[in-house]
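Trainee: So in my numbering, spot 30 of the sequence shown is number 147, and the numbers just go up one at a time. We put the CB at the ideal spot given by N, CA and C, even for glycine. Keep in mind the model is a prediction, meaning the values are calculated, not measured. Got a structure for you, written out below as structure tokens; questions coming shortly.
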Amino acid sequence: MPSPYRAIFGRPGTASFSAAGLLGRMPLSMLGIGVVTMVSQLTGRYGLAGALSATLALSAAVIGPQISRLVDRHGQRRVMRPATLVSLTAVAGLLLSAQQRWADWTLFVFAACVGCVPSVGSMIRARWAELYEGSPRELHTAYSWESIVDEVCFIVGPILSIGLSTAWFPEAGPLLAGGFLAAGVFWLTAQRGTEPVPHPREQHAKGSAMRSRGLQVLVVTFVATGAIFGAIDVVTVAFAEEEGHKAAASLVLAVYALGSCVAGAVFGLMHLKGHASRRWLVGVCAMAVSMVPLQLVDSLPLLGAALFVAGLSIAPTMVTTMALVEEHVPRTQLTEGMTWTSTGLAVGVALGSSAAGWVVDAAGAARGYLVPVAAGVLAALVAFAGYRRLRPRPATAVSVPAAAGGVPPLGGPVAERPSERSGV
């Protein structure tokens with residue numbers, strides 16, 4: 118392991134909570150595609166399968182930030198365990214109702230309740246932020262590491278979920294996802310030594326973390342970014358089917374995630390200068406530009422190469438986003454703020470999937486890649502429009518009493534750094 122990554126794991130408990138986070142995040146990439154595979158195999162109704170997948174995403178988008186707000190106030194263990202039990206019960210109900218062919222409305226009720234699942238990735242990043250507060254270099258490496266873990270989940274998860282549901286029994290993929298969730302969350306919450314300390318009630322900012330103007334920009338941009346991801350998933354499957362190799366779609370999408378994984382690993386080794394807002398803007402624009410070559414591909418190997426290149430901009434942009442969330446959201450609402458970015462992605466994935474499916478049905482898979490291009494342009498426009506909210510504010514000099522003899526303290530005036538994170 119390169120030395121910067123080895124260094125961040127020097128603190129006791131870091132390897133253990135990161136490993137628990139890997140298990141707990143596997144359902145993020147397994148559950149939706151597993152439900153689609155399960156329902157399509159049991160009923161042959163792809164419309165129902167897609168609607169249930171969208172319900173899962175939207176319920177997590179609505180409920181997830183509320184769970185994270187409770188975590189900030191009461192601690193991870195007290196909130197995550199009961200929330201996970203509710204989510205696991207809903208997953209069991211969903212599998213049972215699908216297997217027993219119960220009425221469709223029962224499927225949607227259980228799917229909506231699955232949204233109680235905690236945002237495990239946000240919980241892990243909050244632990245890193247607690248450990249390395251005031252150490253931006255280490256925190257940058259830690260966020261890069263978690264981005265790598267995210268991509269590993271998206272490389273391995275769909276292959277596991279689809280493979281088990283097709284080779285074993287239809288419910289196997291979602292069932293394994295529930296097992297990963299239970300193991301990851303209960304292992305994580307058993308580790309009390311690295312759990313962020315909840316803040317007293319009087320320290321909590323009033324209202325939601327979304328009151329932060331900087332966070333608003335990040336979330337809206339991530340809605341468009343999520344539309345890129347959702348559209349690429351749907352169109353790539355359709356493209357592979359038109360090429361006569363539908364099963365290869367999972368491998369091509371794994372290459373997309375691999376590009377992001379490689380970029381995240383390299384990004385974590387870099388010692389960066391300048392404010393994160395500039396890197397974030399460059400990253401969003403790079404994601405938009407990387408969608409253009411998809412219009413020119415005419416074979417699966419070329420598509421895989423284009424998606425690998427497109428994936429190179431994902432992890433660095435995600436890492437930078439987490440740094441900006443930490444800067445623009447009060448410490449007492451950090452977990453909630455990080456979860457709101459995931460919410461934006463989830464909403465965007467649902468919208469992008471729907472739009473891409475409509476275009477593919479109407480004009481074919483090749484035309485479907487116009488959807489991620491349009492989403493990328495929208496993300497770049499929002500990023501440019503909101504960039505001023507993310508830039509650092511000019512420092513204001515605060516006078517300090519002179520030292521003995523009338524000589525100012527070493528370094529002269531002390532610069533006060535206004536920050537939404539500190540609540541001023």
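1. Which residues in the same chain have their Cβ closer than 7 Å to the Cβ of residue 242, if we skip the five residues on either side of it in sequence?
2. List the endpoints of the continuous alpha helix (DSSP H) containing residue 217.
3. Classify residue 512: buried if its beta carbon has 16 or more other beta carbons within 10 angstroms, exposed otherwise.
4. Just mark residue 171 as buried or exposed, buried being the case when its beta carbon has 16 or more other beta carbons within 10 Å.
5. With a Cβ-Cβ cutoff of 7 Å, do residue 424 and residue 494 count as a contact?
6. With a 10 Å radius around its C-beta and 16 neighbouring C-beta atoms as the bar for buried, classify residue 478 as buried or exposed.
7. Quick check on residue 129: does DSSP put it in helix, strand or coil?
8. Rounding to the nearest angstrom, what Cα-Cα distance links residue 447 and residue 192 in this structure?
9. Decide if residue 415 is buried, meaning its Cβ has at least 16 other Cβ atoms within 10 Å, or exposed.
10. For residue 137, I'd like the list of residues in its chain whose CB is within less than 6 Å of its CB, leaving aside the five on either flank, ordered along the chain.
11. Which residues mark the beginning and the end of the alpha helix (DSSP H) in which residue 501 is found?
12. Which whole-angstrom value is the C-beta distance of residue 291 and residue 152, which I expect to be below 8 Å?
13. Pull up the distance between the alpha-carbon of residue 330 and that of residue 506, whole angstroms please.
14. Taking 7 Å as the cut-off, decide whether the C-beta atoms of residue 144 and residue 281 are in contact.
15. Suppose only complete runs of 4+ residues qualify. What are the alpha helix (DSSP H) ranges in the stretch 254-337, listed by chain order?
16. Here's the rule: buried if 16 or more other CB atoms are within 10 angstroms of the residue's CB, otherwise exposed. What is residue 257?
17. For residue 245, which option in 452, 459, 502 has the closest C-alpha, if you only look at C-alpha atoms?
18. Looking only at C-alpha atoms, which of 385, 231, 357, 284 sits nearest to residue 481?
19. Is the stretch 424-434 touching the stretch 218-232 in the sense that three or more CB pairs, one from each, lie closer than 8 Å?
20. With 16 other CB atoms within 10 Å as the buried threshold, where does residue 307 fall?
21. Assuming residue 373 is part of the alpha helix (DSSP H), what are its boundary residues?
22. Going by the CB atoms, is the gap between residue 287 and residue 155 shorter than 7 Å?
23. The alpha helix (DSSP H) that contains residue 418, what's its start and end?
24. Please report the Cβ distance between residue 348 and residue 470, rounded to the nearest whole angstrom; I am assuming they are in contact, meaning their Cβ atoms lie under 8 Å.
25. Suppose contacts are defined by Cβ-Cβ distances below 7 Å. Is residue 236 in contact with residue 185 by that definition?
26. What residue range is occupied by the uninterrupted alpha helix (DSSP H) comprising residue 465?
27. Rounding to the nearest angstrom, what Cα-Cα distance links residue 225 and residue 169 in this structure?
28. Alpha carbons only, please: which of 267, 195, 227, 500 is nearest the one belonging to residue 380?
29. If you check the beta carbons only, do residue 460 and residue 178 fall under 7 Å apart?
30. Here's a check: name, in chain order, each residue in its chain whose Cβ is nearer than 6 Å to the Cβ of residue 582, leaving out the five neighbours to either side.
31. Could you please give the first and the last residue of the uninterrupted alpha helix (DSSP H) stretch that includes residue 117?
32. For residue 418, count neighbouring Cβ atoms within 10 angstroms of its own Cβ and tell me buried if that reaches 16, exposed if not.
33. Tell me the DSSP secondary structure of residue 517 in three-state form.
Mentor: Here's the rundown:
1. The beta carbon of residue 242 sits closer than 7 Å to those of 260, 263, 439, 455, all from its chain and outside the five residues before and after it, given in chain order.
2. No alpha helix (DSSP H) contains residue 217, which DSSP labels as neither H nor E.
3. Model confidence at residue 512 stands at a pLDDT of 46, short of 50, so the residue's coordinates are unreliable; what they give is reported in the following sentence. Answer is exposed; the Cβ neighbour count stays below 16.
4. buried
5. In this structure, residue 494 does not lie closer than 7 Å to residue 424 by Cβ.
6. exposed
7. coil
8. 16 Å
9. Residue burial is scored here from C-beta neighbours: residue 415 has fewer than 16 other C-beta atoms within 10 angstroms and is therefore classed as exposed.
10. 301, 304, 305
11. In this chain, the alpha helix (DSSP H) harbouring residue 501 covers 487-507.
12. 6 Å
13. 7 Å
14. no
15. 289-306
16. By the 16-neighbour rule on beta-carbons within 10 angstroms, residue 257 is buried.
17. Taking each of 452, 459, 502 in turn and checking the Cα distance to residue 245, the smallest one comes out for 452.
18. Cα-wise, what sits closest to residue 481 is 357.
19. no
20. exposed
21. 366-384
22. yes
23. Unbroken alpha helix (DSSP H) run through residue 418: 417-428.
24. 7 Å
25. yes
26. 451-480
27. Their backbone Cα atoms lie some 6 Å apart in a straight line.
28. 267
29. For residue 460 and residue 178, yes; Cβs fall inside 7 Å.
30. Residue numbering for the chain in the displayed model covers 118 to 541; residue 582 lies beyond these limits and cannot be assessed.
31. Outside the displayed span of the chain (118 to 541) sits residue 117, for which this structure offers no information.
32. exposed
33. Only weak support is given to the placement of residue 517: the predicted model assigns it a pLDDT of 39, under 50, and the value that follows is read from those uncertain coordinates. Assigned with DSSP and collapsed to three states, residue 517 falls in coil, not helix or strand.
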